[in-house]
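Taking it in order: structure first as structure tokens, then the write-up.
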Amino acid sequence: MGAGLSRREFGRAAGLAGVGASGAVLLSGCSEDSVQARTAAAGKTWKVSGERGAGLGGFDSTMKSFMQARNISCGQLAVARKGKLLLARGYTWTSSSTLKTQPTSLFRIASLSKAVTGAAILRLAQEGKLNLGAPVTRLLSLTPPSGQTMDSRLKNVTVWRLLQHTGGWDRDLGFDPMYRRDSAVASALGVRIPVTKANIMKYMNGRRLDHTPGSDYAYSNYGYMLLGRIIEQVGGTGYRTYVQNKILGPRGITRMKLGRSLKMNAASGEVPYASQYNVSTVMDASGATVPAPYGGFNLENMDSHGGWLSTAADMVRFAGLFDAANPVLGSTSIGRAFGRPETGVDSSGAWYGCGWHVRNVTGGRNTWHTGGLPGTYTILVRRHDGLTWAALFNQRDDASGKNYGDIDKLLHIAANGVTSWPTTDLYGKYF
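Going by UniProt numbering, the first residue of the sequence shown is number 1, and it counts up by one from there.
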């Protein structure tokens with residue numbers, strides 16, 4: 001699967017985020033001591049870097065138990081409360097003497113990238129450069145492959161519908177062009193691998209939509225790839241440049257950058273990624289078998305839906321854009337980010353806004369997103385009580401078969417266990 005949640009997974013995750021926030025979750029997790037006993041023979045050691053305020057040891061314990069139970073080598077956590085950074089940690093579980101995750105180490109954040117893209121779209125609308133009700137066909141030059149015609153319903157795919165996953169593309173029906181479908185695109189167009197974003201768009205312009213636009217919620221990585229191209233067209237510059245100049249830069253975020261697929265192109269300070277799976281590469285036509293995180297998907301094509309590298313501290317700093325009106329996003333833009341879509345509110349009362357899952361809970365509103373790629377699992381949570389946290393891992397699968405989504409409720413429990421929040425602010429140290 002590609003970055004983010006499928007429609008089937010969304011309902012389960014929405015329930016977890018809501019229940020986790022209430023603290024009413026019963027767990028049967030393994031003890032830290034039993035985990036250490038099982039893994040001691042491997043000669044691994046637990047390393048922690050960074051800082052935290054007093055009384056937040058429960059977060060460290062949660063990350064330790066979670067990572068050791070799944071043999072995750074690199075993890076990172078940042079916790080903020082009411083505009084102050086209270087914890088910024090790097091965690092390492094390894095037998096390597098040289099590998100040590102820092103609070104400033106970079107991770108692929110997968111679908112947390114969607115919140116970044118959503119913020120950029122909202123900023124363009126705030127600048128008066130973009131009408132969110134505009135059809136994508138008016139904003140982008142869309143042409144189908146030779147001899148094919150476009151679905152007439154494409155004219156009803158608006159920017160709003162791309163943002164809220166109601167554009168009509170449904171990866172649950174078996175086709176996500178952004179993830180391991182490169183050979184199908186290349187074959188249909190008669191082009192060579194690796195395919196480009198323009199190749200993918202041309203190919204998709206010849207396919208029928210899976211749903212009538214606006215009729216159904218269906219998570220679409222492709223829809224967010226199109227949003228990146230709209231940012232380029234309307235913003236008059238590259239996607240990365242617009243995001244850095246208009247969204248990240250004003251928040252003092254300078255570490256974030258777009259990732260690369262191959263290990264030899266890793267960024268300075270980027271963690272290594274792990275998966276138990278090897279797959280055929282999509283980066284060339286060799287058919288070579290490669291580790292899934294390094295050539296099993298084309299990260300360069302995923303820029304606006306899953307391509308960013310970040311730290312956990314950067315992500316909670318970014319999330320602060322949505323706490324109150326500010327020079328980057330005003331109150332109207334923030335309201336739009338979490339607005340109810342025309343369809344897609346699930347049975348638990350959760351919906352998808354503009355790069356965020358949203359749910360009203362007792363006391364306010366929770367917003368969150370998860371991300372996943374081979375070699376990556378991430379979560380970003382904004383809680384109704386002023387808490388924000390981000391957890392990043394360099395793995396999403398292992399032989400244990402344990403659920404990586406469990407980190408959601410575990411971190412809610414850790415937060416609920418804090419009896420007195422510190423007043424320290426670490427933002428000055430890491431920004």
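We put the beta carbon where it would ideally sit given N, CA and C, even for glycine.
Rounded C-alpha distance that separates residue i from residue j
{"i": "residue 272", "j": "residue 148", "result": "43 angstroms"}
{"i": "residue 254", "j": "residue 381", "result": "21 angstroms"}
{"i": "residue 425", "j": "residue 283", "result": "43 angstroms"}
{"i": "residue 98", "j": "residue 92", "result": "11 angstroms"}
{"i": "residue 29", "j": "residue 388", "result": "Because residue 29 carries a pLDDT of 35, less than 50, the predicted location of this residue cannot be relied on, and no value is offered for it."}
{"i": "residue 339", "j": "residue 353", "result": "6 angstroms"}
{"i": "residue 286", "j": "residue 179", "result": "18 angstroms"}
{"i": "residue 280", "j": "residue 406", "result": "30 angstroms"}
{"i": "residue 318", "j": "residue 146", "result": "43 angstroms"}
{"i": "residue 223", "j": "residue 369", "result": "16 angstroms"}
{"i": "residue 360", "j": "residue 229", "result": "32 angstroms"}
{"i": "residue 151", "j": "residue 237", "result": "29 angstroms"}
{"i": "residue 95", "j": "residue 67", "result": "14 angstroms"}
{"i": "residue 41", "j": "residue 250", "result": "Low local confidence applies: a pLDDT of 41 at residue 41 is under 50, so the model's placement there is unreliable, with the coordinate-based value given in what follows. Between residue 41 and residue 250, the C-alpha separation is close to 48 angstroms."}
{"i": "residue 336", "j": "residue 288", "result": "45 angstroms"}
{"i": "residue 401", "j": "residue 408", "result": "17 angstroms"}
{"i": "residue 181", "j": "residue 175", "result": "8 angstroms"}
{"i": "residue 294", "j": "residue 261", "result": "6 angstroms"}
{"i": "residue 329", "j": "residue 243", "result": "13 angstroms"}
{"i": "residue 313", "j": "residue 393", "result": "14 angstroms"}
{"i": "residue 365", "j": "residue 78", "result": "20 angstroms"}
{"i": "residue 138", "j": "residue 123", "result": "19 angstroms"}
{"i": "residue 183", "j": "residue 59", "result": "43 angstroms"}
{"i": "residue 234", "j": "residue 428", "result": "35 angstroms"}
{"i": "residue 412", "j": "residue 349", "result": "19 angstroms"}
{"i": "residue 296", "j": "residue 110", "result": "14 angstroms"}
{"i": "residue 256", "j": "residue 347", "result": "36 angstroms"}
{"i": "residue 310", "j": "residue 154", "result": "34 angstroms"}
{"i": "residue 61", "j": "residue 231", "result": "41 angstroms"}
{"i": "residue 69", "j": "residue 156", "result": "47 angstroms"}
{"i": "residue 300", "j": "residue 177", "result": "14 angstroms"}
{"i": "residue 304", "j": "residue 324", "result": "24 angstroms"}
{"i": "residue 72", "j": "residue 130", "result": "42 angstroms"}
{"i": "residue 144", "j": "residue 240", "result": "27 angstroms"}
{"i": "residue 169", "j": "residue 270", "result": "33 angstroms"}
N-terminal and C-terminal residue of the alpha helix (DSSP H) that residue i is part of
{"i": "residue 413", "result": "407–416"}
{"i": "residue 58", "result": "57–70"}
{"i": "residue 189", "result": "182–189"}
{"i": "residue 209", "result": "That residue, residue 209, is in no alpha helix (DSSP H); it is neither H nor E in DSSP."}
{"i": "residue 225", "result": "221–235"}
{"i": "residue 428", "result": "427–430"}
{"i": "residue 240", "result": "239–243"}
Bridge partner(s) assigned by DSSP for residue i
{"i": "residue 46", "result": "93"}
{"i": "residue 278", "result": "291"}
{"i": "residue 432", "result": "Outside the displayed range of the chain (1 to 431) lies residue 432, so it cannot be described from this structure."}
{"i": "residue 52", "result": "87"}
{"i": "residue 167", "result": "Residue 167 pairs with nothing; no bridge assigned."}
{"i": "residue 75", "result": "91 and 393"}
{"i": "residue 202", "result": "Answer is none; residue 202 lacks a bridge partner."}
{"i": "residue 449", "result": "The question about residue 449 has no answer here: the residues shown for the chain are numbered 1 through 431."}
{"i": "residue 270", "result": "106"}
{"i": "residue 257", "result": "309"}
Closer than 8 angstroms to chain D by CB, residue i
{"i": "residue 119", "result": "Going by chain labels, chain D is absent from the structure shown, which holds only one protein chain."}
Beta-carbon separation (whole angstroms), residue i vs residue j, contact threshold 8 angstroms
{"i": "residue 128", "j": "residue 105", "result": "Not confirmed; about 39 angstroms, so no contact."}
{"i": "residue 192", "j": "residue 198", "result": "Rounded, the Cβ-Cβ distance is 14 angstroms, inconsistent with contact."}
{"i": "residue 171", "j": "residue 219", "result": "6 angstroms"}
{"i": "residue 259", "j": "residue 307", "result": "6 angstroms"}
{"i": "residue 163", "j": "residue 118", "result": "6 angstroms"}
{"i": "residue 81", "j": "residue 386", "result": "6 angstroms"}
{"i": "residue 418", "j": "residue 56", "result": "6 angstroms"}
{"i": "residue 121", "j": "residue 227", "result": "6 angstroms"}
{"i": "residue 404", "j": "residue 430", "result": "At roughly 26 angstroms, the Cβ-Cβ gap does not stay under 8 angstroms, so residue 404 and residue 430 are not in contact."}
{"i": "residue 115", "j": "residue 355", "result": "4 angstroms"}
{"i": "residue 75", "j": "residue 391", "result": "7 angstroms"}
{"i": "residue 166", "j": "residue 342", "result": "7 angstroms"}
{"i": "residue 217", "j": "residue 344", "result": "3 angstroms"}
First and last residue of the uninterrupted beta strand (DSSP E) at residue i
{"i": "residue 310", "result": "308–310"}
Check: residue i C-beta below 7 angstroms from any heavy atom of the ligand COA
{"i": "residue 241", "result": "Absence of the ligand COA from the depicted structure is noted, as is the absence of any ligand whatsoever, leaving it without description."}
Would you mind listing the alpha helix (DSSP H) stretches within the segment 101–163 that are 4+ residues and don't spill past its ends, in chain order?
-> Those alpha helix (DSSP H) runs which fall completely within the segment 101–163 and span 4+ residues are 113–126, 136–139 and 159–163.
What are the complete alpha helix (DSSP H) segments, minimum 4 residues, inside the segment 336–402?
-> Runs of the alpha helix (DSSP H) inside the segment 336–402: none found.
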